[in-house]
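Beneath this line is the structure, given in structure tokens, with notes to follow.
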Amino acid sequence: MAESLILKTLTISAGATPIVSVSLTAAAGEITTLMGPSGSGKSSILAAITGTVPDGLFATGDILLGGQNIATLPGWKRHIGILYQDDLLFPHLSVGGNLALGLAPGGRRTERQGRVKRALSEVGLEGLAARDPATLSGGQKARVALMRVLLSEPRALLLDEPFGSLDSELRSQIRSLVFNHAKARGLPTLLVTHDPQDAEAAGGPVIRLR
Amino acid sequence: MTLSPSHLFFWLTVLILGGPVLAGLTGVVAGAMGHVPGLQNAIPAGDVWGAVWSWPGIGRSVTLSFWTGLLAALISLASATLIMAGWSGTLSFARARHWLAPFLAVPHAAAAFGIAVLIAPSGWIARALSPWLSGWERPPDLLILGDPLGLAMVIGLIVKELPFLLLMMIAALPQAKAATSMAVVTALGYGCARGWLLAVFPEIYRQIRLPVYAVLAYSMSAVDAALILGPTTPPPIAIVILRWAADPDLSLRALASAGALVQLGLVLVALVLWRLGEIAVAQLGRSLAESGQRGSGRAAEIAAATLVATSGIFLIAGFAVLALWSVAGAWHFPAFLPETLSFHVWASHGAALVETGAATLLLAVAVVALALALALGSLEAKPHRCLLTALVYLPLIVPQVTFLPGLQAASLKIGLGSGALPVGLMHLVFVLPYLLLVLADPFNALDPRYRTIAAGLGLSPARQFWRLRLPLLLTPIAGAVAVGMAVSIGQYLPTLLAGGGRLPTLTTEALALAAGGDRRVIGAYGLAQAAAALAPFALALALPRRVWRNRQGMLHG
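So this is what it looks like as structure tokens:
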């Protein structure tokens, strides 16, 4: 399913004043990087794509996903996965619970548990399903967060400076893990960062905001 | 826009917060003009007001309410401010703040009973000093309880309002950026207390203004503390209104309505005076700040410690004495401890206590369950946040005694009568605001990115609420439920007026017994009342620890 994520003059405004406007095509299986100084509206663009523009701002323009304009859909029907700098695992659920939450509903219980198990072993976390997420290391949490979003079978992936909180060694490791998974699944991926190394590693087109 | 369940809850909340107050005030105005439901003919308005103003002692009732209310509010605010100035930011303060909520939970009536058995001429303080210091062999002939100046009542009000204001100030600290401000003024060479007063307090006060107004209005119109500790000849105006409203002679209901308007006017005048005082104090503070004078503020720290200790000891010692009385056999003055023990009171009142206690708790659970659904629904909807903020304080600032008589008339008119349903609805009016106040901050403090992630995972808003927001907020919700239960259990006036005496709760029973003056029975009921209000707090502390025992992120987050 080679769908692209296309933004057509997506404009975020506060009242009548436009803050940022962008047009781009994030091709399937490619990491497109959005760079710009803080305050350039990177986060607002991501919020517009996920359908969570904060009060006082509003977005106009089209967001096309596989030819369908999703700009008018409520956020939860858009199937846009997002990863942040913080892992944001739900602290009240076990590791397995966090993963199962993203699975589409339905299917037998054992089948769902099997998918969770396989997802964990895919990132080298076998047997951690019952663990409290607070007891994991930073790298482990990042991997669980990645698997949680992938299990929900998103149609596109957004990365909001997702490696900022990791130290440099872990950073390149998690970065290539995330990029490889996104590419392997043919997801159109939009990376927001201010780190040139991230953009370089992404290897896709780079769009600069000012 | 489609009407989602949360929007429905929001508008229901608006209706519950605003409706009864407005309906009640309308009823009060009609009553003051002589229109009383159940009376064949309207009484001429002139006669109503003539009867009010010629009521024996009415002038002194009015002045008494006015100045005791102002005094209690002033001392409560000053004490809370001093405590914050001298104590906030220290480690011991961080530990002690957890003890504030239970203090807040103790019903006004129970706290007032505790104070009464402490400060009465035959109370524990007099016993402790007799006869070795005072020389008293029998209780001194002093009018301490119900003193004509209302000072005992003022003490009772302060002991309860102080923890409320402290909690409100603590809640306001993060938004006031207190820590940053303190770092700046300390670097400029100001002592802790003075720096806090000049730099942090103005910002805090801006946020707690409405709670302060609620304290002022409450202090001027409180019924339970006045019944137990207040003067009787003449009593405060709120008690006069209550007697009129509860009198079988329906024509006195018109006087109750007129009296309610007098009370409302009194509160409005006091609020205007208070506002002028705010402006004067702000002016003074600015010139003090600009003078650049430094000072250690050591005095404030000592005063803070003294205040905390005194009010804490008052409440705790009060309950100790209530407990002693409930099991006292012979206990003559000036013995410090009972001479013999007896469980007679618990044996003879035990069954009634359990029955009334069960009814009280059942009512509280039903009311809080409904209020919780409404509060969470409204916070989910979160449109018109300003409307909600204003309305939350409406039932707290407009004194109960000014709109309940009108509401009583209105509910009789529409055939609601009296009993469990109207009592429950009345409790809802006062429980719902507290739930909204307690839950709003934790609700808005949830990381908004959780919402985005959950939506990205394809969770519908309903599933996001049930699977994520509800469990994530379990700890504050348990705390809010405990506060709501305490509020419901402590309600006196609404229970009395809407229940028509047919739904006795621990609070109405305790106050009915207060007139009898049997300290052993009062001790048992005061304790039962406090225990009923405190038990939910113990549960609220224990439940999250149990549920989240394997989830570190939920216990420390």
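Taken in order, these protein sequences are the chains called Z and P.
Start counting the first sequence at 826; every next residue gets the next number (our numbering).
Start counting the second sequence at 461; every next residue gets the next number (our numbering).
The C-beta atom is built at its ideal place from N, Cα and C for all residues, glycine as well.
(message) For K873 (chain P) and A835 (chain P), what's the separation of their Cα atoms in angstroms?
(response) So the two alpha carbons sit approximately 29 Å from each other.
(request) Output, in sequence order along the chain, the residues in the segment 933-961 of chain Z whose CB is closer than 8 Å to any CB in chain P. (result) Contact annotation: in the segment 933-961 of chain Z, residues whose CB is within less than 8 Å of a CB in chain P are D957, P958, A959, T960.
(request) Confirm, please, whether the CB-CB distance from R1033 (chain Z) to A866 (chain Z) is below 9 Å. (result) According to the sequence shown, residue 866 (chain Z) is Gly rather than Ala. Cβ atoms of G866 (chain Z) and R1033 (chain Z): not closer than 9 Å.
(request) Consult DSSP for I874 (chain Z) and reduce its assignment to one of helix, strand or coil. (result) I874 (chain Z) falls in the helix class under three-state DSSP.
(message) On the criterion of 16 or more Cβ atoms from any shown chain inside 10 Å, does C846 (chain P) qualify as buried, or is it exposed?
(response) Exposed: under 16 other Cβ atoms inside 10 Å.
(request) Kindly list the residues whose CB is nearer than 6 Å to the CB of G1029 (chain Z), restricted to its own chain and excluding five residues on each side of it in sequence; keep chain order. (result) Answer for G1029 (chain Z): E855, I856, T857, listed in chain order.
(message) Cutting at 6 Å between CB atoms, please list the residues of its own chain near P671 (chain P), excluding the five before and the five after it.
(response) Listed in chain order, the non-local C-beta contacts of P671 (chain P) below 6 Å within the same chain comprise M628, local neighbours out to five positions each way being set aside.
(message) Between P:A730, P:A922, P:A674, which has its C-alpha nearest L856 (chain P)'s C-alpha?
(response) The option with the nearest alpha carbon to L856 (chain P) is P:A674.
(request) Just the C-alpha distance for A812 (chain P) and R980 (chain P), rounded to the nearest angstrom, thanks. (result) Across the structure, A812 (chain P) and R980 (chain P) are spaced so that their CA atoms are roughly 15 Å apart.
(message) I'd like to check one pair, V814 (chain P) with L888 (chain P): are the Cβ atoms closer than 9 Å?
(response) In this structure, V814 (chain P) does not lie closer than 9 Å to L888 (chain P) by Cβ.
(message) Tell me which residue opens and which closes the alpha helix (DSSP H) that L468 (chain P) is part of.
(response) 465-492 is the extent of the alpha helix (DSSP H) around L468 (chain P).
(message) Suppose contacts are defined by Cβ-Cβ distances below 9 Å. Is P979 (chain Z) in contact with G906 (chain Z) by that definition?
(response) Yes; because the gap between Cβ atoms is below 9 Å, this pair is in contact.
(request) Check whether the Cβ of L775 (chain P) lies closer than 8 Å to any heavy atom of the ligand COA, and answer yes or no. (result) With respect to small molecules bound, the structure shown includes none, and the ligand COA cannot be examined in it.
(message) I'd like to confirm the pairing. Which residues does DSSP put opposite I888 (chain Z) in its beta bridges?
(response) Z:L832, per the DSSP bridge assignment.
(request) Under the assumption that P695 (chain P) contacts S521 (chain P) (Cβ atoms under 8 Å), give the Cβ distance between them as a whole number of angstroms. (result) At roughly 6 Å, the Cβ-Cβ gap stays under 8 Å, so P695 (chain P) and S521 (chain P) are in contact.
(message) On the DSSP bridge list, what partners appear for M945 (chain P)?
(response) For M945 (chain P), which the question treats as bridged, DSSP gives no partner whatsoever.
(request) Could you name the residues of the segment 918-947 of chain P whose beta carbon sits closer than 8 Å to any beta carbon of chain Z, in the order they occur along the chain? (result) The residues in question are G918, L919, S920, P921, Q924, R927, L928, P931, L932, L934.
(message) If distances are taken between C-alpha atoms only, which option among P:L728, P:A765, P:L657, P:A777 comes closest to S747 (chain P)?
(response) Minimum Cα distance to S747 (chain P) is reached at P:L657.
(request) Label V729 (chain P) either buried or exposed according to how many other C-beta atoms from any shown protein chain fall within 10 Å of its C-beta, with 16 as the threshold for buried. (result) Flag for V729 (chain P) reads exposed.
(request) Please list, in chain order, all residues of the same chain as M461 (chain P) whose beta carbon is under 7 Å from its beta carbon, the five residues on each side excluded. (result) Confidence in M461 (chain P) is poor, its pLDDT being 42 and thus under 50, which makes the residue's placement too unreliable to answer from.
(message) At the level of alpha carbons, what is the spacing between L961 (chain Z) and A967 (chain Z)?
(response) Spanning the two alpha carbons is a distance of roughly 10 Å.
(request) Mind checking the segment 890-921 of chain Z against chain P and listing, in chain order, the residues whose C-beta falls within less than 9 Å of any C-beta there? (result) Against chain P - using a Cβ distance shorter than 9 Å - the residues of the segment 890-921 of chain Z are P899, G900, W901, K902, R903, H904, I905, G906, I907, L908, Y909, D911, L913, L914, F915, P916, H917, L918, S919.
(message) Does the CB of P979 (chain Z) have a neighbour CB from chain P at under 9 Å?
(response) Yes - at least one Cβ of chain P is within 9 Å of the one on P979 (chain Z).
(request) Could you tell me if A869 (chain P) is buried or exposed, where buried requires 16 or more neighbouring beta carbons within 10 angstroms of its beta carbon? (result) Buried: at least 16 other Cβ atoms inside 10 Å.
(message) Judging by CA-CA distance, which residue of P:L676, P:G752, P:A833, P:L744 is the nearest neighbour of Q723 (chain P)?
(response) Ranked by Cα distance from Q723 (chain P), the first of P:L676, P:G752, P:A833, P:L744 is P:L676.
(request) Determine whether the Cβ of A929 (chain Z) lies closer than 9 Å to any Cβ atom of chain P. (result) Closer than 9 Å to some Cβ of chain P, the Cβ of A929 (chain Z) qualifies, so yes.
(request) Pull up the distance between the alpha-carbon of L917 (chain P) and that of A1002 (chain P), whole angstroms please. (result) Distance between the alpha carbons of L917 (chain P) and A1002 (chain P) is about 32 Å.
(request) Please state whether DSSP places M461 (chain P) in a helix, a strand or coil. (result) Note that M461 (chain P) has pLDDT 42, beneath the 50 cutoff, so the model's placement of it is unreliable and no number is given.
(request) Give, in chain order, every unbroken run of the alpha helix (DSSP H) that is at least 4 residues long and sits entirely within the segment 960-990 of chain Z. (result) Listed in chain order, the complete alpha helix (DSSP H) runs (minimum 4 residues) inside the segment 960-990 of chain Z are 963-976.
(message) Here's the rule: buried if 16 or more other CB atoms are within 10 angstroms of the residue's CB, otherwise exposed. What is E761 (chain P)?
(response) When all chains shown are included, E761 (chain P) counts as buried.
(message) For chain Z, check one thing: does any of its Cβ atoms lie closer than 9 Å to the Cβ of T462 (chain P)?
(response) Model confidence at T462 (chain P) stands at a pLDDT of 49, short of 50, so the residue's coordinates are unreliable and nothing is read from them.
(request) Let me know the secondary structure DSSP gives F883 (chain Z) once reduced to three states. (result) The answer is strand: DSSP assigns F883 (chain Z) an E or B state.
(request) From the DSSP output, read off the bridge partner residues of Q893 (chain Z). (result) Paired residue(s): Z:L890.
(request) Show which residues of chain P have a CB atom less than 7 Å away from the CB atom of T1018 (chain Z). (result) Taking a Cβ-Cβ cut-off of 7 Å, T1018 (chain Z) has no neighbours in chain P, whose nearest Cβ is about 17 Å from it.
(request) Assuming A532 (chain P) contacts I664 (chain P) (C-beta within less than 8 Å), just tell me the rounded distance between them. (result) Actually they are not in contact, since the Cβ atoms of A532 (chain P) and I664 (chain P) sit about 20 Å apart, beyond 8 Å.
(request) Starting from the N-terminal side, write out each stretch of the alpha helix (DSSP H) that is 4 residues or longer and does not extend beyond the segment 580-658 of chain P. (result) As far as the segment 580-658 of chain P is concerned, its whole alpha helix (DSSP H) runs of at least 4 residues are 584-589, 611-632, 638-647, 652-655.
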